[in-house]
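For reference, the structure is listed below as structure tokens.
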Amino acid sequence: MTDTILVDQDGHFKIGKSATTPKDEAEGFLASAQDAADAWGISLETLFSGVNVVLYSGTGMLNTLLSRTGRKLGLITTKGLEDMILMGRGLQAWADYSYADRLHAVTHHHPDPLVPRRRTHGVTERIDQFGDIVLPLYEHEVSAAAKKLIADKVEAICIMTIFSHVNPVHEKRIAEICREEVQKAGADILIYTSHEVRPVIREQSRLNSVLIEAYATSRGRKQLKGIEDVSKKYGFKYGVQTLLSFGGLTSINHPRLHETMISGPIGGILGAAYVGKLIGNDSLICSDMGGTSFDMGVISRGQTRIENEPLMDRFKLNVPTLHLDTIGAGAGMILKVDPLTKKVSLGPESAGSDPGPICFAKGGTEPTIADCDAILGRLNPYYFLGGKVVLQVEKARKAFEEKCSSILGVGIEEAAEGMIDMLEADANNALRRVISGQGIHPSEFTLLSYGGSGPLHLAGCSRGIGFKDIITFQFAAAFSAFGCTTADFMRRHSVSTQHDIGARASDDELLAFGKKVTAVWNDLTKAAVDEMIEDGHARDKIKTVPFLMMRYTGQLEDVEVMAPLAEVNSADDMRKVIDEFEAVYAKVNHRVSRYGEAGFTITELGLIATADKVKPVLLKRPLGKSDPASAHKGVREAYIGGRWHKANLYEMDLLQPGHEVIGPAIIEHPATTLVVHPRDRVHVDEWTLLHYTHA
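Residues -10 to 684 (the numbering used here) are what the sequence shown spells out, left to right.
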């Protein structure tokens, strides 16, 4: 689905929804915007001519990578590293494999390379880790490599030399020579250099980043340009924005667009942080269940973990990303039963939006979890997307019986609920794993459940864990879109560094470190601010915050620390930075895990520049009576816990602060459904958030 959320200057909002149109995302965007405009009672022209910001985020570029439909690339690298792509990293080569497949290497294969070996050319040059030139660049080899790639009709040339993040002089010269050769040949070939895309340590991840920027963002830029064109057609006056993977807005003309590739699910974490401030809890688990995946994010004692090397389609990238854990668990997962062993498999394939589950009657032939929900009466066949889609329950029931329940030799309802129980058990176990890695008891965490399928399976996913609170939303299906609207305009620049600070460093040593750190911050500030000014932001509206990636010397993992001051001008200033690191480290881990005696290492220096924008506001209203009769709309048979129940039906949007619903019940919304199991309760708070309590 494509979700739209409209926010006015007072923070009020309306939501629209439409089927995604992968071939031309502008069609689905426009249909979804029309749905939201209808909810507000305005035309598309009135909508687009009146808004200040149009933000679009999604997974289109990631899908380009997954489907291997990107540009034809060539690569020029340091001689001796030509096989770097084929070798990859062990961590990425085994990523996404099941435990069984990790044990039995016969099933293993490397990710398909984005550049074949024959289009990879090594050139003689070498810069060492200190940035000194050890071997000069052999320019004639660069010219020969460029000519071969031009003859191969590549669409983009990528350049990655060793230690270019310390000194990019050779990469810059290689790019100049390539542009000269491209111009001579009259070709239309783009040039990408790794020091411009991501100037940080770890060559393999930097190589992956530049390759994916060149490979996957072309189609993404075209789709985003289509969104901008259709917006301007209806009167939008500005440029369209998209969401960075580390949680800020940027123009669709952003030079490092691969930083937005997994922006869709990130919105949920931003929305969770926003809601956490309202409810007064800074330890949150975000869970987003859609059609294919179950995404989980953690905010632990106010700290949101930044992952500097996320995995993307089994490629390790140098892209700062709000950390998400993901498993394959969604309502669109295809169900299979082996006729010989009677083994049940959930996915990993998904029915997607086209053809979708069988009950959608769009050509789907394989049973899914959504079909099970329809068979058991948990989904209203006449209220899916507000009645725009009528679910064909009997068709789903017949196919499920033929392909699943009859093979298992059990009743249709028993088999369907068993499949749902398996899905929810997988999600429940995944939540337990995520929590256990935080060193915090579940009773400190509030679970926020969203996504189109989140409320539908909330009861089973959360049962028995012992959360402090469990919350879902009337706008759960568009919560990630809601989260995107809470973000500010942002730029994030960083560079790798290596500063080892002894546990008993003298004042002079600390001051020397401080001068080096401040010099880098000043350079990054200028680069980030210049980019934002170019995007049209006034200088006095731009705020900057420097940060560091630090660790105790000898550790393997960094911690991101927002600097307590903009410049380090004294030894005491440097001590304040170190103290801030230790405070953050104690929050993320435990106070007893601090180990200052080992000394400190700064591995990366960075700068975040932001500019404010309008955000949605959740209205606080007084609590009223608990009887939800005004939202009641009938009774429906629903199969829950091994038998049929007469479940009370409620309209989600009509529930008011103070209302309490006792299960068995089904709370319906055009875009999602909340199933309340027998004796469980749901109450609505003053923010109109829905709190789920297990019996």
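No residue lacks a Cβ here, since even glycine has one placed at the ideal position from N, Cα and C.
Specify, as a first and last residue, the run of the alpha helix (DSSP H) that Ile358 falls within.
For Ile358, the enclosing alpha helix (DSSP H) covers residues Ile358 to Ile364.
Count the other C-beta atoms from every protein chain shown that fall within 10 angstroms of the C-beta of Thr58, then say buried if there are 16 or more, exposed otherwise.
Counting Cβ neighbours within 10 Å, Thr58 comes out exposed, since fewer than 16 surround it.
What are the uninterrupted segments assigned as alpha helix (DSSP H) that are 4 or more residues long and contained completely in the segment 419 to 465, given in chain order?
Runs of the alpha helix (DSSP H) inside the segment 419 to 465: 447 to 451.
Rounded to a whole number of angstroms, what is the C-alpha to C-alpha distance between Met411 and Lys332?
It is roughly 12 Å from the alpha-carbon of Met411 to the alpha-carbon of Lys332.
For Gln81, which of helix, strand or coil comes out of DSSP?
Helix.
Cα-Cα separation between Val189 and Glu593, rounded to whole angstroms
Distance between the alpha carbons of Val189 and Glu593: 8 Å.
For Leu499 and Met551, which I take to be in contact (beta-carbon distance under 8 Å), what is that distance rounded to the nearest angstrom?
That belief does not hold up - the Cβ atoms of Leu499 and Met551 are roughly 20 Å apart, past 8 Å.
Can you find a heavy atom of the ligand ADP that lies under 7 Å from the Cβ of Glu413?
Because no ligand of any kind appears in the structure shown, any question about the ligand ADP cannot be addressed here.
Those runs of the beta strand (DSSP E) which lie wholly inside the segment 17 to 74 and span at least 3 residues:
For secondary structure counted as the beta strand (DSSP E) over 3 or more consecutive residues, the segment 17 to 74 holds these complete runs in sequence order: 62 to 67.
Should Ile122 be labelled buried (16 or more other beta-carbon atoms within 10 Å of its own) or exposed?
The residue in question, Ile122, is exposed, as its Cβ has fewer than 16 Cβ neighbours within 10 Å.
As an exercise, report each continuous alpha helix (DSSP H) stretch of at least 4 residues that is fully enclosed by the segment 242 to 274, in chain order.
Complete alpha helix (DSSP H) runs here, min 4: 252 to 268.
Rounded C-beta distance between Thr514 and Leu380? I'm assuming under 8 Å.
So it is not a contact: roughly 55 Å between Cβ atoms.
Which residue wins for smallest C-alpha separation from Tyr439, given the options Leu51, Ser282 and His648?
Answer by Cα proximity: Ser282.
C-alpha distance - Glu296 paired with Glu383, whole-angstrom precision:
Distance between Glu296 and Glu383, taken at the CA atoms: about 46 Å.
Can you tell me which of Val42, His97 and Val326 puts its alpha carbon nearest to the alpha carbon of Phe389?
Phe389 has its Cα closest to that of Val326, out of Val42, His97 and Val326.
Assigned secondary structure, Thr685 (DSSP; H/G/I helix, E/B strand, else coil)
The structure shown has nothing for residue 685, since the chain only spans -10 to 684.
Asp679 lies in the beta strand (DSSP E); which residues open and close that run?
Note that residue 679 is Leu in the sequence shown, not Asp. Following the DSSP letters along the chain, one finds Leu679 inside the beta strand (DSSP E) bounded by residues Leu679 to Thr682.
Helix, strand or coil at Ala598 according to DSSP, with G and I counted as helix:
Strand.
Does the distance from the C-beta atom of Ala404 to that of Leu397 stay below 8 Å?
The Cβ-Cβ distance between Ala404 and Leu397 falls below 8 Å.
In chain order, what residues of the same chain have a beta carbon less than 6 Å from the beta carbon of Ala416, not counting five sequence neighbours either side?
Cβ within range, chain order: Phe283, Ala318 and Cys450.
Does the contact criterion of 3 or more C-beta pairs under 8 Å hold for the segment 7 to 18 versus the segment 207 to 223?
When C-beta atoms of the segment 7 to 18 are compared with those of the segment 207 to 223, three or more pairs fall below 8 Å, so the two segments count as touching.
Just grab the DSSP bridge partners of Asn637 for me.
Asn637 is bridged by DSSP to Val624 and Ala654.
If we ignore side chains and look at the alpha-carbon of each, how far apart do Val229 and His243 end up?
Rounded to the nearest angstrom, the two C-alpha atoms are 11 Å apart.
Quick check: what's the CA-CA separation for Leu335 versus Met322?
Looking at the two C-alpha atoms, the distance is approximately 6 Å.
Out of curiosity, what's the CA-to-CA distance linking Pro646 and Asp343?
Counting only the Cα atoms, Asp343 lies some 38 Å from Pro646.
Residue burial classification, Val664 (beta-carbon count within 10 angstroms, cutoff 16):
Around the beta-carbon of Val664, 16 or more other beta-carbon atoms lie within 10 Å, marking it buried.
Report the option in Lys305, Cys275 and Ile288 whose CA atom is closest to the CA atom of Gly79.
The shortest C-alpha separation from Gly79 is found at Lys305.
Closest by CA to Gln193, which one among Ile(-6), Lys136, Gln81 and Tyr223?
Of all alpha-carbon atoms in Ile(-6), Lys136, Gln81 and Tyr223, the one lying nearest the alpha-carbon of Gln193 is that of Gln81.
To the nearest whole angstrom, what separates the beta carbons of Ile(-6) and Ala470, a pair I think is in contact under 8 Å?
That belief holds up - the Cβ atoms of Ile(-6) and Ala470 are roughly 4 Å apart, short of 8 Å.
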